[in-house]
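Engineer: Sharing a structure below in structure tokens format, with a few things to ask.
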Amino acid sequence: MSKQSGNISVRAALLLAAAIYYFSIAGTILQADQPEPAANPKIYNINYTDKGFSPKKLKIKSGDSIRWTNKTEMELQLAEGSHPKHTDCKYCPHGNKKGSYILIDSGESYTFKFIGAGATSFHDHLLPGMKMKVIVSE
Ligand SMILES: [Cu+2]
């Protein structure tokens, strides 16, 4: 092996080491700057029938969504919080104006994404006995 080719392979090894170091540092910085991605956010289906919500209790993670589908012949007035005001809602998809709700017509669906841990409840504002619970973990 000549002296020159020896120098080239040392240089190449140094460049490679520098590149590995640079990308490992860059990777660390990028990871630190980005918010932790939700691990595989999911969409959970809730059917609303004449018997009420199904399932009636759901445990999900922050970043997951619920899709309610109204399978009744009536409209569903989906409300979070205590009937009739709904102003104590935690996620407040309908806002937190007194008596506000999400209108889901017969055969239609509505999807909402939950951000942040907490426990809450939903009901049909027209039939407030029809209730369900949602528990959201981090
Ligand atoms: Cu209500």
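When the letters of the sequence shown are read in order and numbered with the working numbering, they come out as residues 27 to 164.
Ideal placement from N, C-alpha and C gives every residue a C-beta, glycine not left out.
Ignoring anything shorter than 3 residues or poking outside the region 62-89, list the beta strand (DSSP E) runs there in chain order.
Structural biologist: As far as the region 62-89 is concerned, its whole beta strand (DSSP E) runs of at least 3 residues are 69-75, 78-80 and 83-87.
Engineer: Within the structure, which residues are defined as neighbours of ligand 1 by a Cβ-heavy atom distance below 6 Å, reported in chain order?
Structural biologist: A105, H109, P110, H112, H149, H151 and P154
Engineer: For N66, count the other beta carbons within 10 Å of its own beta carbon; 16 or more makes it buried, fewer makes it exposed. Which is it?
Structural biologist: exposed
Engineer: CA-CA distance, P154 and F140?
Structural biologist: Taken atom to atom, the span from the alpha-carbon of P154 to that of F140 is near 22 Å.
Engineer: Quick one: residues in its chain with C-beta nearer than 7 Å to the C-beta of A105, no 5 flanking neighbours on either side, listed in chain order?
Structural biologist: H112, H120, Y127, F148, H149 and H151
Engineer: Look up S147 in the DSSP assignment and say whether it is helix, strand or coil.
Structural biologist: strand
Engineer: Quick one: measure Cβ to Cβ for S88 and I69, integer angstroms, because I've assumed they're closer than 8 Å.
Structural biologist: That belief does not hold up - the Cβ atoms of S88 and I69 are roughly 14 Å apart, past 8 Å.
Engineer: Secondary structure at S91, three-state DSSP: helix, strand or coil?
Structural biologist: strand
Engineer: Using beta-carbon positions only, say whether D76 and E101 come within less than 8 Å of one another.
Structural biologist: no
Engineer: What is the DSSP secondary structure of S108, counted as helix, strand or coil?
Structural biologist: coil
Engineer: Helix, strand or coil for S163 per DSSP?
Structural biologist: strand
Engineer: Quick one: what's S135 bridged to in DSSP?
Structural biologist: T95
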